[in-house]
Amino acid sequence: MKVSRIAATALALALGGCGLFDSGELWSSDRYLVLWIDEPDQAHLAYRMDDGRAVALSDPCVSAVAENVAYIAVELRAPQSAKGPRYQLFVKGVPTPRTPPATPLGEPMLRQVYEPLAQRLALPPLRAVGEWNPCGGQN
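My numbering puts the first residue of the sequence shown at 1, with every later residue one more than the last.
If you want it as structure tokens, here you go:
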């Protein structure tokens, strides 16, 4: 019994400082937030439910956000990708049992597709979610 307690304590101490199960919130507005769990390159747009759980909305590697009353946009930068950033747009909504908290407007898109849409939807310029891009590189 004493050996198992010592082993459990040693395992907890060993894993406690290694970053396992770390998380962080990089940006939030009302119930929408950009957060990461376990690894910073898993930063994604999420929606905070009434019970405190967060429901993922976007692909990982969110590096910047823009929003207005009706829409929210994120910039996605895949690590070590030569393709450059992609952009994903969402229509904000209030979730019900059959309705998601935000509806994506298509798949992640290139800058030349995103910019005219963002202008038409009156979205402000994208703002970096931190000084350092969680998916690699400077913002």
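For each residue, glycine too, the CB sits at the ideal point set by N, CA and C. All figures in this text were calculated on a predicted structure; none of them were measured in a lab.
Only exposed fits SER23, as fewer than 16 other CB atoms lie within 10 angstroms of its CB.
Cβ-Cβ distances below 6 Å link ARG31 to TYR47 and ARG48 in the same chain, with the five nearest sequence neighbours on each side left out; the list follows chain order. For VAL94, the secondary structure class from DSSP, reduced to helix, strand or coil, is coil. Only residues of its own chain outside the window of five on either side were considered, and among them ALA73, LEU123, PRO124 and LEU126 have a CB closer than 6 Å to the CB of ALA66, listed in chain order.
A distance below 8 Å between beta-carbons, with the five flanking residues on each side excluded, links VAL34 to the following residues of its chain, in chain order: GLU25, LEU26, TRP27, SER28, ALA43, HIS44, LEU45, ALA46, VAL62, VAL65, VAL74 and VAL129.
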